[in-house]
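Residue numbers (our numbering), protein chains in the order written: chain A, 92 to 345; chain B, 92 to 345.
To keep things clear, I will list the structure first and then write my remarks on it.
2 protein chains.
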Amino acid sequence: MPGAHPSASLVAMSERETRTAGASAPSAEALQKLAGRHQAGYRSVGTMAYDILRDAILDGTLAPGQKLRQETLAETIGVSRLPVRSALIQLEADGLVEFHARRGAVVKALSAEQAREVYDIRVLLEIDALRHSMDEMTPERIVRLRELGRTADAEEEGADFVDARTQFYAELYGAAARPVHWEMIEQLRLKVGRYVLGWRLVGGGDHGHSHEELVAAVEAGDADAAAEVLRSHLTGVRDAVLAMLSAEGGAAAR
Amino acid sequence: MPGAHPSASLVAMSERETRTAGASAPSAEALQKLAGRHQAGYRSVGTMAYDILRDAILDGTLAPGQKLRQETLAETIGVSRLPVRSALIQLEADGLVEFHARRGAVVKALSAEQAREVYDIRVLLEIDALRHSMDEMTPERIVRLRELGRTADAEEEGADFVDARTQFYAELYGAAARPVHWEMIEQLRLKVGRYVLGWRLVGGGDHGHSHEELVAAVEAGDADAAAEVLRSHLTGVRDAVLAMLSAEGGAAAR
DNA sequence: ATCCGCAATCTTGGATCCAATTTGCGTGCC
DNA sequence: GGCACGCAAATTGGATCCAAGATTGCGGAT
């Protein structure tokens, strides 16, 4: 349901607003708020800009299709254009933004087909990661897992919600110590993070016990059951995301 | 386009060889040769620098562990340090280089475990991509596939060898039109590209007919057979790469 | 009145310049 | 003689400045 977001007015700036006052800000204030959260001491300003912009994209402050003007972003964050450019390059590599020749960068949108792809691949990769991890599972890890699962379920807010779940899955797959595998999963989760967030805000939380269910299966050592829980969870989220995407697909097309 | 670049001081890196040993010197000329191949009109210098450095890493001109000094690279390529930095950031996202705090970038090495991971994941992803693609396979695509397979088998040289194979797999998996899936596969292939190249140069080419074998299975519509050919091919290459990595693992460590 | 072309302005991309941090080396002290 | 502290040089990271290209708005011509 639109309108519920605090900073949801970002989609409205489509084309007419670009020239007049659009130079500085549809989302300036929300972005500044994010920037404030990251004002802590970073070793390099570029990584700070990256984190700010990534979070802004993930929580919808910068919506898909949004034009990203380097100078505006730089002024809003409070740095020069150079670290912003670095951040944009990284975000392009992450698949979150798209560079159009010499015409600037825009927040990349994910089509329904691509979202389906992401979840199909995640099913493959994560079930495999889970099986590998279960071979090396330890009781201590189970304890931490259960803890993190509770935290993740309790978390409601946007960015923290994604973070909590990331920690849970990092712990879940971490036993196998497969950095490349985890990196791939992280990339895929990053691509759909925004849409999951939207779904979480809009839809309900019927997935609340799936974490515990998963931990229980892992604890019991039943790989097939755990895989099935994971698979059904992922496909469930996938379907919800797809429904949301097709629902508002025509609006945010470009 | 008629830009007579000031390709001046290119040999500047031999200024001081105090403790080089195996770290920083020997690649200036080879890198320049690569730079020459890419001197064609690029829209942006940054992408050119990226291509040059990526190829340099892939064909071993810049070996794993190599220290990448921005100014040296910039002078060798003939541009400023800024596009080099952009390229390095992209390469970091690709997992080919690694930034060490404020101490510069080095060419990232792939451990044997990580290489194994890459191939394990590739088996998962590529077999799935293959099955999806076979659902949409067309006779015309088979024809092009057979053509590309022959080209790939004929190709011997380094960079072109990888390129030819890339085209073959792009055509093979392209029928399914799954951009995210293909992007993931490309990333993984990029990570091991250097080692495959080394293996190709060192070892033999007993895999010559696997392309044709694969195409035949695809043409026959036998998904299981095609998957098995692909799987055995990938595990074969994997084992060769692993053997090579463990063989010279102690030497090129540092 | 509409369409094509030109020019001005805005925005990206690149280069040079400056500061901050790290590293290597020298000296002094233990 | 060895280790530690400090200084100096080099290299990375950031900011400001400059050029190139694209888009848009305006004007003229058909």
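All C-beta atoms in this analysis are idealised placements derived from N, C-alpha and C, irrespective of residue type, glycine included.
Bridge-paired residues (DSSP) for B/K158: B/V197
Residues of the stretch 273 to 289 of chain B whose Cβ lies closer than 7 Å to any Cβ of chain A, in chain order: M275
Residue-chain proximity (A/G113, chain B), Cβ-Cβ < 9 Å: Because the pLDDT of A/G113 is 34, which lies under 50, any placement of that residue in the model is unreliable, and the number read from its coordinates should be weighed accordingly. Taking Cβ atoms only, chain B never reaches closer than 9 Å to A/G113, which makes this a no.
Whole-angstrom distance between B/Y133 and A/G113, CA atom to CA atom: Confidence is the limiting factor: at A/G113 the pLDDT is only 34, short of 50, which leaves the residue's position unreliable and the question unanswerable from this model.
Under 9 Å from the C-beta of A/L239: neighbouring residues of chain B: Chain B residues near A/L239: none, gap ~24 Å exceeds 9 Å.
Chain B contacts made by the stretch 211 to 228 of chain A, where a contact means CB separation under 8 Å: D211, I212, L215, L216 and D219
Partners in chain B for A/S301, counting only beta-carbon separations shorter than 9 Å: Ordered by position in chain B, no residue passes the 9 Å Cβ test against A/S301, which lies about 23 Å from the chain.
Neighbour-count burial assignment, B/D315, 16 or more Cβ in a 10 Å radius: Per the 10 Å Cβ criterion, exposed.
Sequence-distant residues of the same chain with beta carbon closer than 7 Å to A/A243, five excluded per side: A255, R256, F259 and H302
Residues that B/S177 contacts on chain A, provided the C-beta gap is smaller than 9 Å: The answer, in chain order, is R176, S177 and I180.
Cα-Cα separation between A/A178 and B/G265, rounded to whole angstroms: Looking at the backbone, the Cα of A/A178 and that of B/G265 are separated by about 31 Å.
Neighbour-count burial assignment, A/D330, 16 or more Cβ in a 10 Å radius: exposed
B/V170 in three-state terms, based on DSSP: B/V170 sits in coil when the DSSP states are folded into three classes, being neither helix nor strand.
Identity of the residue in B/Q123, B/L149 and B/A126 nearest B/L281 by Cα: B/L149
Buried or exposed by the 16-neighbour rule on C-beta atoms within 10 Å, applied to B/P230: Within a 10 Å sphere around the beta-carbon of B/P230 sit fewer than 16 other beta-carbons, which makes this residue exposed.
Proximity of B/V209 and B/L153 at Cβ, strictly below 9 Å: no
For A/V320 and A/V287, believed in contact at Cβ under 8 Å, the rounded distance: The Cβ separation is near 18 Å, so there is no contact.
Member of B/R207, B/A206 and B/H223 whose CA lies at the smallest distance from the CA of B/A317: Among B/R207, B/A206 and B/H223, the Cα nearest to that of B/A317 belongs to B/H223.
Spatial distance of B/L164 from B/G186 (CA atoms): Taking the straight line from one Cα to the other gives about 19 Å.
Among B/D219, B/A261 and B/V175, nearest to B/R232 - alpha-carbon criterion: B/A261
B/A116 at chain A interface by Cβ criterion, 9 Å: Note that B/A116 scores 48 on pLDDT, short of 50, meaning its location in the model is unreliable and no value can be drawn from it.
Exposure of B/H191, with buried meaning 16 or more beta-carbon neighbours within 10 Å: exposed
A/K213 burial status per 10 Å Cβ neighbour count (16 or more: buried): Reading off the sequence shown, one finds Arg at residue 213 of chain A, where the question assumed Lys. Classification of A/R213: buried, given that the 10 Å Cβ count is 16 or more.
Buried versus exposed, by CB contacts within 10 Å (16 or more), B/R194: exposed
A/E304 (DSSP reduced to helix, strand or coil): helix
Distance, A/L305 Cα to B/V188 Cα: 36 Å
Inter-residue Cα distance where the pair is B/D226 and B/E217: So the two alpha carbons sit approximately 14 Å from each other.
Coil, strand or helix - A/E262 by DSSP: In the structure shown, the three-state DSSP call for A/E262 is helix.
Reduced DSSP category for A/E246 - H, G, I as helix; E, B as strand; rest coil: coil
Minimum Cβ-Cβ distance from B/Q205 to chain A less than 9 Å: yes
Host beta strand (DSSP E) of A/E189 (start-end): V188 to F190
DSSP three-state assignment for B/S177, whether helix, strand or coil: Helix.
Residues from the stretch 126 to 144 of chain B in contact with chain A, defined by Cβ distance under 9 Å: R134, S135 and G137
Residues that A/R269 contacts on chain B, provided the C-beta gap is smaller than 7 Å: E208
Span separating the alpha-carbon of B/A334 from that of B/L215: 22 Å
Any C-beta of chain A under 9 Å from that of B/A329: For the sequence presented, residue 329 of chain B should be read as Arg rather than Ala. Residue-level contact by beta carbon fails for B/R329 and chain A, as no gap is shorter than 9 Å.
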